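Chemist: So the protein lines, in turn, are chains A and B. In the numbering used here, each number is its position in the first sequence, counted from 1, plus 401. In the numbering used here, each number is its position in the second sequence, counted from 1, plus 1. Even glycine gets a Cβ: it sits at the ideal position worked out from N, Cα and C. In this text, all values refer to a predicted model and were calculated from it rather than measured experimentally. Okay, here's the structure, questions in a sec.
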Amino acid sequence: MLDLLHSFALVSPPPAAEALRPRIKAFLTERLGKIPADIRARSWTGFDAEFSRDLANQGWVGFTVPKDYGGGGGSAFDRFVLVEELLLAGAPVAAHWIGDRQSGPLLLRYGTESQRRFFLPRICRGEIFFCIGMSEPNAGSDLAGVRTRAVRDGDFWIMNGSKIWTTHAQKSHYMIALVRTSGGASERQKGLSQFVIDLTLPGVDIRPIVDLAGDAHFSEVFFQDVRLPSDALVGEEGAGWAQVNAELAFERSGPERIYSSIALLDHWVKHLRRAKASSAATRQVGMLMARLATLRQMSLAVTARLASGESPLVEAAILKDLGTQFEQDVPSIIGDTVADDPRLIADQELVRTLAYVSLISPTYSLRGGAREILRGMIARGLGLR
Amino acid sequence: MQDALLAPFLRLLDDISPSTAVRSAEVGHAHDIWLKLSESGFLDALVSERDGGAGLQPRDVANLLLASGRRLLPAPFGETMVARALATRAGMRLPTTPILLWPENSQGKLRSSLAPVWAGATHALVQRGDQVSLRALGQFAAPADGYALPAATLATAAPVASFTLEPDALLSWSATLTAVAMAGAMAGVLDMTIDHVNTREQFGRKLGQFQAIQHQLAIMAEQTTATCTAARIALSRPLPGPSCLDAAAAKIAANEAAKIVCAIAHAAHGAIGVTAEHDLQLYTRRIKRAVASVGSSAFWADQIGQAHLSEGTDAGVFVRSHWAA
């Protein structure tokens with residue numbers, strides 16, 4: 402059962418990790434120049450392959466992958482500092498984001514030696530980009546209901562079905578997908594496996610979907626009789642559910658669950674400094690900073706648990722639910738101040754950023770597991786059910 | 002270190018802080034509790050080893066303070082521990098009796114709309130400007146405030162001795178210790194609520210099997226762990242202790258969580274939870290009184306907001322420079 406008072410221990414990035422910060426900051430300032438806040442607000446959905454390769458040249462893609470596999474050999478805290486600075490700067494990290502955050506670690510943990518030798522150095526060089534095939538048209542929050550199926554055929558697997566809401570599938574080289582390999586939908590978590598799929602294979606059809614802000618960052622991906630070589634299987638056949646859950650703990654606990662609205666928040670505060678903040682706005686700033694301070698510490702605490710080899714699913718769920726609430730409250734609070742402040746309307750960059758963040762913010766609590774799913778997990782952790 | 006301290010301390014709490022003791026302390030019977038607490042040696046945990054203490058820092062006793070809150074220890078344990086450490090650092094010896102913290106403004110007015118709960122204390126450490134003095138408390142009187150908890154008063158006797166501290170150091174300590182006690186008490190409320198929904202049946206099922214209830218309890222857990230984290234951050238600052246912004250973030254977290262946690266706990270318990278007989282009210286009464294003490298969320302948010310607006314840094318730098326644990 403969740404130990405309420407002790408589940409989030411107080412930790413700081415060690416000095417070696419903090420020592421990276423100035424170099425990372427200097428690189429980002431130089432490389433990115435001045436980006437408008439509404440572009441920065443897209444940070445981890447902003448796709449820029451050239452930027453990802455430049456970052457890789459610094460050794461900062463696959464930072465935690467062992468050097469033997471072409472990685473940086475850094476610690477989880479090194480990566481925390483790196484990712485924190487990338488997000489605070491609003492860097493366009495989407496191209497390498499998935500491979501760096503979860504596909505690489507997944508392959509490192511469950512992949513065969515030859516899979517590691519093939520994929521990891523390429524991820525670390527920024528040559529190949531990954532997407533995640535989890536959701537399907539009829540399996541969203543109910544992930545165990547996936548119907549995309551792979552059937553053995555000699556040395557191959559024949560795959561049929563479709564995935565949806567796959568971030569940047571249209572620009573990625575590979576997908577790691579959760580697929581049914583035995584049994585029917587009624588068997589739920591059993592009979593699921595993960596495959597690494599070359600998206601250039603015949604029978605793969607990728608169709609981008611335009612979102613409400615006009616961006617096309619996600620796609621629907623169709624698989625029709627796609628012939629996967631036997632070494633496309635990742636980990637154990639039938640162990641897909643456990644593997645995917647371990648992967649999700651990485652997906653739910655990073656600083657990206659607290660900083661999605663940071664470009665808007667920073668720009669708003671700049672505006673308040675110029676325009677003499679009202680006492681109400683000053684208080685709102687204070688309330689938001691207090692929450693951010695706590696959330697950052699909670700994210701560090703989960704990072705420490707992951708670094709020590711644990712899989713803190715409940716703590717990651719708590720952090721993600723609280724963190725995305727914060728991210729969604731930022732545009733809601735700032736949006737409320739706009740109506741009374743004509744000077745704010747005059748700041749076009751602020752208005753564009755506010756518009757983008759408030760339109761897209763519902764996704765913050767959808768991607769990586771919806772609020773209701775997380776709360777169910779937390780309740781189980783408390784000993785309910 | 003922390004775990005080595007925690008186990009014996011939890012055994013002590015089992016002995017001195019059952020709900021019967023919490024109830025009798027409200028009507029003035031707190032002597033035995035204090036006797037055992039002072040014999041335990043925990044009161045000098047933060048006093049340096051040179052001065053006969055354990056030489057610990059606030060972060061080392063965080064688990065003890067949270068555990069005290071979870072069990073509603075009816076004694077100013079953290080306050081006395083802090084008072085003894087601060088006074089000893091200034092070369093002053095305090096009596097081995099319970100001591101409250103009493104932060105005042107420069108005009109000598111208590112910086113809290115509600116006075117500290119008496120809880121068996123004999124003295125208060127009073128700060129006005131940078132001057133800190135030890136003052137005797139008035140006689141214990143029957144519970145006077147609307148929360149049915151005995152509020153302390155200062156006696157008219159002259160201060161016993163004095164030393165100096167950074168202005169508002171005691172205000173920050175007071176708010177921090179209040180937030181820590183609230184975090185602990187909210188964990189206690191959640192313990193009780195989990196127990197209740199796993200026992201009580203309606204519509205032929207345990208309450209805890211209803212998804213609506215599960216999600217409400219998940220929210221309680223989120224709020225409680227967030228408050229606990231904010232409290233630990235404030236306690237991570239070495240002596241002389243938490244900064245204004247440390248205290249601010251902790252008290253804001255506690256106040257905001259308290260509204261949610263108390264409301265859900267009472268809703269889940271139903272009518273039994275609002276009876277005097279049920280222990281839930283022991284917790285929520287203290288938590289709600291604490292919300293109304295030592296600074297509102299708005300007051301503390303002003304401190305943080307003004308600091309951020311005047312410092313001119315981005316949020317990331319601001320947060321790291323003020324709250325790096």
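Please list the partners that residue 199/B has in chain A, where partner means a Cβ-to-Cβ separation under 8 Å.
Modeler: Result: 784 and 785.
Chemist: Residues in the region 647-671 of chain A with C-beta within 7 Å of chain B's C-beta atoms, listed in sequence order?
Modeler: Correct list: 663, 666, 667 and 670.
Chemist: Using beta carbons (cut-off 7 Å, strictly below), is residue 686/A in contact with chain B?
Modeler: Closer than 7 Å to some Cβ of chain B, the Cβ of residue 686/A qualifies, so yes.
Chemist: Which residue wins for smallest C-alpha separation from residue 147/B, given the options 118/B, 155/B, 130/B and 127/B?
Modeler: Checking every option, the nearest Cα to that of residue 147/B belongs to 118/B.
Chemist: Could you please give me the residues that DSSP links to residue 163/B through a beta bridge?
Modeler: DSSP lists 134/B as partners of residue 163/B.
Chemist: Mapping the DSSP letters down to three states, classify residue 779/A as helix, strand or coil.
Modeler: In the structure shown, residue 779/A sits in a helix (DSSP, three-state: H, G or I).
Chemist: Please classify residue 564/A as buried or exposed, where buried requires at least 16 neighbouring CB atoms within 10 angstroms.
Modeler: Buried: at least 16 other Cβ atoms inside 10 Å.
Chemist: Give me the residue from 706/A, 692/A and 456/A with the minimum Cα distance to residue 726/A.
Modeler: Among 706/A, 692/A and 456/A, the Cα nearest to that of residue 726/A belongs to 692/A.
Chemist: Go through the region 442-481 of chain A residue by residue and report every complete run of the alpha helix (DSSP H) that reaches 4 residues or more, in order.
Modeler: The qualifying runs are 450-458.
Chemist: Against chain B, which members of the region 695-707 of chain A pass a CB distance test of less than 9 Å?
Modeler: Here the close residues are 695, 696, 697, 698, 699, 701 and 702.
Chemist: In or out: residue 666/A buried (at least 16 other Cβ within 10 Å) or exposed?
Modeler: So residue 666/A ends up on the buried side.
Chemist: Give the interface partners of residue 229/B over in chain A, defined as CB-CB distance under 8 Å, in chain order.
Modeler: Simply 405, 406 and 409.
Chemist: Can you confirm whether residue 2/B, when its beta carbon is compared against all beta carbons of chain A, has any partner nearer than 7 Å?
Modeler: Summary for residue 2/B: the model assigns pLDDT 44, below 50, so the residue's position carries little reliability; its value from the coordinates is reported in the next sentence. False, the Cβ-Cβ gap to chain A never drops below 7 Å.
Chemist: Kindly say whether residue 413/A, judged by its beta-carbon, lies nearer than 7 Å to any beta-carbon of chain B.
Modeler: At least one chain B Cβ lies under 7 Å of residue 413/A.
Chemist: What residues from chain B crowd round residue 674/A, counting only those whose CB sits closer than 8 Å?
Modeler: Residues of chain B passing the Cβ test: 310 and 313.
Chemist: Cα separation between residue 73/B and residue 164/B?
Modeler: Roughly 31 Å between the two C-alpha positions.
Chemist: Answer with yes or no whether the minimum CB distance from residue 780/A to chain B is below 7 Å.
Modeler: By this cut-off, residue 780/A is an interface position.
Chemist: Excluding sequence positions up to five away, which residues of its chain have a Cβ less than 7 Å from the Cβ of residue 2/B?
Modeler: Confidence at residue 2/B is low in this model, with a pLDDT of 44, below 50, so the placement of that residue should be treated as unreliable; the coordinate-derived value is given next. Cβ neighbours of residue 2/B beyond the five flanking positions: 61.
Chemist: Please state if the CB of residue 624/A and the CB of residue 560/A are separated by a distance shorter than 7 Å.
Modeler: The answer is yes: Cβ separation under 7 Å.
Chemist: Taking 7 Å as the CB-CB limit, is residue 776/A close to chain B?
Modeler: Closer than 7 Å to some Cβ of chain B, the Cβ of residue 776/A qualifies, so yes.
Chemist: Quick one: complete alpha helix (DSSP H) runs, 4+ long, within the region 644-697 of chain A?
Modeler: With a minimum length of 4 residues, the continuous alpha helix (DSSP H) runs that stay inside the region 644-697 of chain A are 663-675.
Chemist: Against chain B, with Cβ distances strictly below 7 Å, would residue 429/A count as a contact?
Modeler: No - not a single Cβ of chain B is within 7 Å of the one on residue 429/A.
Chemist: For residue 558/A, tell me which candidate among 422/A, 627/A, 613/A and 618/A has the shortest Cα-Cα distance.
Modeler: The shortest Cα separation from residue 558/A among 422/A, 627/A, 613/A and 618/A belongs to 627/A.
Chemist: Count the other C-beta atoms from every protein chain shown that fall within 10 angstroms of the C-beta of residue 1/B, then say buried if there are 16 or more, exposed otherwise.
Modeler: Residue 1/B lies beyond the range of chain B shown here (2 to 326); nothing can be said about it.
Chemist: Suppose contacts are defined by Cβ-Cβ distances below 7 Å. Is residue 620/A in contact with residue 567/A by that definition?
Modeler: In this structure, residue 567/A lies closer than 7 Å to residue 620/A by Cβ.
Chemist: Can you tell me whether residue 64/B is buried or exposed? The criterion is at least 16 other CB atoms within 10 Å of its CB, across all chains shown.
Modeler: When all chains shown are included, residue 64/B counts as buried.
Chemist: Could you tell me whether the Cβ of residue 582/A comes closer than 7 Å to any Cβ of chain B?
Modeler: No - not a single Cβ of chain B is within 7 Å of the one on residue 582/A.
Chemist: Our contact map puts residue 292/B next to residue 282/B with C-beta atoms below 8 Å; I'd like the distance itself, whole angstroms only.
Modeler: About 15 Å; that fails the 8 Å criterion.
Chemist: Helix, strand or coil for residue 125/B, going by three-state DSSP, please let me know.
Modeler: If DSSP states are grouped into helix, strand and coil, residue 125/B belongs with the strands.
Chemist: Going by other Cβ atoms of all chains shown within 10 Å of its Cβ, with 16 needed for buried, is residue 501/A buried or exposed?
Modeler: With 16 or more Cβ atoms within 10 Å of its Cβ, residue 501/A is classed as buried.
Chemist: Could you check where the alpha helix (DSSP H) with residue 379/B kicks off and where it finishes?
Modeler: This structure gives no information on residue 379/B, because the portion of chain B shown stretches from 2 to 326.
Chemist: Using a Cβ cut-off of 7 Å (strictly closer), state whether residue 303/B contacts chain A.
Modeler: Chain A contact via Cβ: present.
Chemist: Using a Cβ-Cβ distance under 7 Å, would residue 738/A count as near chain B?
Modeler: Not one chain B Cβ lies under 7 Å of residue 738/A.
Chemist: Spell out whether any CB of chain B is found under 7 Å from the CB atom of residue 683/A.
Modeler: Judged by the 7 Å Cβ criterion, residue 683/A is in contact with chain B.
Chemist: Is there a C-beta anywhere in chain B that falls below 7 Å from the one on residue 867/A?
Modeler: Lying outside 402 to 786, the shown extent of chain A, residue 867/A is not represented and no answer is given.
Chemist: Taking its Cβ as the centre, do 16 or more other Cβ atoms sit within 10 Å of residue 491/A, making it buried, or is it exposed?
Modeler: Counting Cβ neighbours within 10 Å, residue 491/A comes out buried, since at least 16 surround it.
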